[in-house]
Amino acid sequence: MSKTFVLFDCDGVLVDSEFLASEVMAHMLQSFGFPTTAHDIMTGYVGQKDVQIVASIAQLHGLPLPSDFMAQYSLRLDAELEKSLLPIQGIEEVLKKLKVPRAIVSNSNLARIHISLKSTRLDKYFEAENVFSPDTALFSKPDPRIYLYAITKLGLKKSDVIVVEDSPTGVKASVEAGLDVIGFMGASHATENQEEKLKANGASYIVQNSTELSVLLNKICV
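Numbering (my numbering), first residue to last: 88 to 309.
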């Protein structure tokens, strides 16, 4: 069935932020004695909210963290995103060629999404009211209600929508919301078994990069 609306995840689909975020988090955790690397975070916790990742790592190692750790992390990450963030290779061409409306459904907070879009100059492709996060939906992936909230606000039928996600968590949320989803492998943090995990969580399609994504979207969207 043809699709008339695309819902994009942000981190790992539009912007190549996962490695930057993992590096910032790992460096901060290491300063408090945690033997955690950016690779550990990217492979073990992809798609999870930052606060969940930190809580899991703290529990795993049984080490204390200061009460303001997340606040300090957020400040450092936002500064790094403003300075160094890049769009996913080729994604701007995808957005330029896309023939149908689009929105963002992300687990990041709204302020960080807008920092990411502005830093990469992708903000011109999205209306501000078409950006959804746990700040607005009150739910986060893998809870499907974040997607159900977005399509309700947008006045869409489930059959009209195709989702683009890079994480098993996001794919799971999309599928449980009753939406078709494209598993995207084009981010720098894509791992060897990511495709298998995306398929296992119900991705209808798998694309390896932005070129394949553009071809597929222009084939199924009218």
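In this text, a Cβ means the ideal position worked out from N, Cα and C, and glycines have one as well.
Asked: Which of helix, strand or coil DSSP assigns to Lys136; Found: coil
Asked: Inter-residue spacing [alpha-carbon to alpha-carbon] between Ala237 and Ala224; Found: 7 Å
Asked: Terminal residues of the beta strand (DSSP E) in which Ala190 lies; Found: 189–192
Asked: Other residues of its chain near Asn196: CB distance less than 8 Å, five sequence neighbours each side excluded; Found: Ser220, Pro221, Asp222
Asked: N- and C-terminal bounds of the beta strand (DSSP E) containing Val258; Found: Per DSSP, Val258 belongs to no beta strand (DSSP E); it is in the alpha helix (DSSP H), 255–263.
Asked: As assigned by DSSP and simplified to three states, the class of Phe219; Found: strand
Asked: Distance between Arg199 and Leu172 (C-alpha atoms, nearest Å); Found: 12 Å
Asked: Integer-rounded CB distance, given that Arg189 should sit under 8 Å from Met115; Found: 34 Å between Cβ atoms; not a contact.
Asked: Rounded C-alpha distance that separates Lys286 from Ile293; Found: 8 Å
Asked: Reduced DSSP secondary structure (H/G/I, E/B, other) of Val268; Found: strand
Asked: Residue burial classification, Lys228 (beta-carbon count within 10 angstroms, cutoff 16); Found: buried
Asked: Inter-residue CB distance, Leu94 and Val262 (contact presumed, cutoff 8 Å); Found: Incorrect: roughly 13 Å between the Cβ atoms, too far for contact.
Asked: Per-residue burial, Gln135 [other beta carbons within 10 Å of its own, 16 or more giving buried]; Found: buried
Asked: Endpoints, the alpha helix (DSSP H) within which Ile307 is located; Found: 297–307
Asked: Environment of Ser206 [buried if 16+ CB atoms lie within 10 Å]; Found: buried
Asked: Buried versus exposed, by CB contacts within 10 Å (16 or more), Gly257; Found: buried
Asked: Runs of beta strand (DSSP E) lying entirely within the region 91–117, each at least 3 residues, in chain order; Found: 92–95
Asked: Residues near Glu167 in its chain [Cβ-Cβ closer than 6 Å; skip 5 each side]; Found: Leu107, Val111
Asked: Per-residue DSSP class, three states only, for Ile144; Found: helix
Asked: Backbone CA spacing between Leu101 and Ile233 [nearest angstrom]; Found: 18 Å
Asked: Enclosing beta strand (DSSP E) for Glu214 [first to last residue]; Found: Looking at the DSSP string, Glu214 is not in any beta strand (DSSP E), and its letter there is neither H nor E.
Asked: Cβ distance (whole Å) where Leu303 is taken to contact Gly273 below 8 Å; Found: Contact flag wrong, Cβ pair sits at about 12 Å.
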